[in-house]
Amino acid sequence: MSEPGTYGGALPAVPVDWRGLSGDEAWRTWHELAEWTSWLVVRFNIAATTIPPCWPRHTRLVEELTALWSAHQLWYDDASPATGPLTWLRELEWALARLRAAVSDAGCTAREHLSPRTETWPTEPAAAEVLAEVAGADARAREQAQITAALAAAPPPAGDETPPA
């Protein structure tokens, strides 16, 4: 058992706000979320029409899965009431309906993204390639934004100041 309130020591100990993550934090979060999503798909036999292997390419799916993951950590924490898992399962059903709608809106289909057996998708190379591409691009963009912000905030080098007119 984990220490109450620690969420097992794993991410997410607090809700994930993708906007505020550094490149390294985002990279770790992507991989933790992918691992949890793989577990979710297999454990609940979720079809590709609900969570396709291309989910990392769809921000709406990423946000929905991130929120569901955070809620799972909360409701299964030792400090949660005994009814916590039941509450999470209710949240899961609501989230699955929203995920199906998002996948339908995105136009993704099982034929395009997944073999008929959903329990095999986490091991397919295509799913790992999509995650590596998207997570890598996201981490690089965050690092570049941090560098740009640091350069913009830095004072000009000594001697480069223009005298007042």
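First residue of the sequence shown? That's 0 in numbering that gives the first Met the number 0, and the numbers climb one at a time after it.
Backbone N, C-alpha and C fix where the C-beta goes; we use that ideal spot for every residue, glycine too.
Residue i in three-state terms, based on DSSP
| i | result |
| --- | --- |
| ALA25 | helix |
| HIS57 | coil |
| GLY106 | coil |
| THR5 | Legend: pLDDT at THR5 = 42, less than 50; position of this residue unreliable, value from coordinates given subsequently. It is coil, neither helix nor strand. |
| LEU20 | coil |
| ALA149 | helix |
| VAL129 | helix |
| PRO115 | In this predicted model, PRO115 has a pLDDT of only 34, less than 50, meaning its place in the structure is not dependable; the value taken from the coordinates is given anyway. Three-state result, PRO115: coil. |
| PRO154 | coil |
| PRO124 | helix |
Sequence-distant residues of its chain with Cβ nearer than 6 Å to residue i (five each side left out)
| i | result |
| --- | --- |
| HIS71 | TRP87 |
| THR36 | LEU64 |
| GLU142 | GLY22 |
Closest by C-alpha distance to residue i, when choosing among the options
| i | options | result |
| --- | --- | --- |
| ALA33 | VAL13, THR147, VAL61, ARG18 | VAL61 |
| LEU91 | ALA66, CYS53, THR28, PRO156 | ALA66 |
| TRP68 | TRP29, ALA78, PRO154, THR82 | TRP29 |
| ASP16 | THR58, THR82, ALA148 | THR58 |
| GLU31 | ALA96, ARG139, PRO55 | PRO55 |
| ASP137 | PRO84, ARG27, VAL13 | ARG27 |
| ALA140 | VAL13, GLY19, PRO14 | GLY19 |
Cβ-based neighbour list, residue i, same chain, cut-off 8 Å, excluding 5 preceding and 5 following
| i | result |
| --- | --- |
| GLN145 | SER21, GLY22 |
| PRO84 | TRP74, TYR75 |
Sequence-distant residues of its chain with Cβ nearer than 7 Å to residue i (five each side left out)
| i | result |
| --- | --- |
| ALA94 | GLU63, LEU67 |
| VAL129 | PRO52, CYS53, PRO55, ARG56 |
| LEU98 | THR49, ILE50, LEU60, GLU63 |
| PRO80 | none |
| CYS107 | PRO51, CYS53 |
Closer than 7 Å: residue i CB and nearest the ligand HEM heavy atom
| i | result |
| --- | --- |
| ALA78 | Although the ligand HEM was asked about, the structure shown includes no ligands whatsoever. |
(request) Could you say if the region 96-108 and the region 40-49 meet the contact criterion of at least three C-beta pairs nearer than 8 Å? (result) yes
(message) For the region 72-81 against the region 19-28, do three or more pairs of beta-carbon atoms, one drawn from each stretch, fall closer than 8 Å, so that the two count as touching?
(response) no
(request) Please list the segments of the alpha helix (DSSP H) lying wholly inside the region 32-98, counting only runs of 4 or more residues, in order along the chain. (result) 58-74
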